[in-house]
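So this is what it looks like as structure tokens:
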């Protein structure tokens with residue numbers, strides 16, 4: 692029975708996930724496979740590489756750097772998250788990503804992207820992050836404020852549009868015992884996208900993607916309902932914020948970032964005994 696870890700995204704809200712993953716590494720918790728969406732995929736990559744503390748380190752160090760995530764970056768590069776800085780300079784020089792450790796890891800790693808032409812999710816297996824960094828970038832490329840990422844013949848954007856929490860997809864891949872990390876507290880309900888008018892204009896060449904944007908809240912809320920039911924039945928183990936996370940997607944306040952990270956650590960530590968029983972049963 693393969694054990695899987697499913698990681699929701701959420702931009703800086705997912706620093707909550709970084710806290711959880713660091714606790715997992717400190718306690719020797721591992722999985723046969725990890726699948727992440729957007730920022731969840733980014734943090735998941737560091738987890739597979741065994742780099743405890745890497746995500747919170749660069750987030751705190753560069754949150755206020757206009758090259759990192761800013762409207763300056765959007766205006767000057769076309770991406771709110773700068774490609775050259777975030778996916779080249781940062782992992783290759785500033786806070787190095789351990790490409791060798793990632794490649795040697797026994798854990799299979801997948802990123803979730805949205806295919807702009809089909810309006811469907813793509814689950815891409817990554818075994819060489821040095822060559823596949825663009826897959827991470829595609830998964831975390833937010834609509835409206837990012838350029839479409841082309842990989843092969845596919846045009847891709849943020850995986851959260853088509854499958855925000857890919858539990859069912861991972862189960863179909865054979866990961867029948869899944870731990871799910873959400874970045875929204877229990878009871879959260881997603882509302883319709885207020886920028887649909889903009890999406891219909893920007894993506895007018897891609898009607899299937901527009902449809903996905905229109906139905907995103909419906910699909911997300913149905914996903915939450917399914918996760919809740921599977922949790923009740925003991926089929927999956929869920930860790931979600933025990934408190935309401937008050938952090939913006941582009942948060943600059945280091946105290947808020949640290950607080951959300953620490954909440955992730957706290958929730959992970961309190962969940963460890965039950966989670967270990969779930970994984971070992």
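Numbering (our numbering), first residue to last: 692 to 972.
Yeah, the Cβ is synthetic: ideal placement off N, Cα and C, and Gly gets one too.
Annotation: the segment 916-959 contains the following complete segments of the beta strand (DSSP E) (minimum length 3 residues), in chain order: 927-930. Per DSSP, residue 806 is one residue of the beta strand (DSSP E) stretching across 799-806. A residue is called buried when at least 16 other Cβ atoms come within 10 angstroms of its Cβ; residue 760 meets this threshold and is buried. Scanning its chain for C-beta atoms nearer than 7 Å, with the 5 sequence neighbours on each side dropped, one finds around residue 755 the residues 943, in chain order. Taken through DSSP and simplified to helix, strand or coil, residue 845 comes out as strand. Beta-bridge pairing by DSSP links residue 869 to 695, 927.
Rounded to whole angstroms, the separation of the alpha carbons of residue 751 and residue 786 is 12 Å. Rounded to whole angstroms, the gap between the alpha carbons of residue 740 and residue 900 is 33 Å.
In the DSSP assignment, residue 748 falls outside any beta strand (DSSP E) and lies within the alpha helix (DSSP H) extending over 745-753. Closest option to residue 810, judged by alpha-carbon separation, among 969, 732, 894: 894.
When rounded, the separation of the alpha-carbon atoms in residue 819 and residue 783 is 14 Å. Within the segment 754-840, complete beta strand (DSSP E) segments of at least 3 residues are found at 799-806, 812-817, given in chain order. Within the segment 879-905, the complete alpha helix (DSSP H) runs of at least 4 residues fall at 887-893, 898-905. 826 is the residue among 826, 745, 718 whose C-alpha sits nearest the C-alpha of residue 843. Straight through space, the alpha carbons of residue 703 and residue 709 are spaced by roughly 10 Å.
Here DSSP, grouped into helix, strand and coil, assigns residue 850 to helix. Bounds of the alpha helix (DSSP H) holding residue 710 are 706-717.
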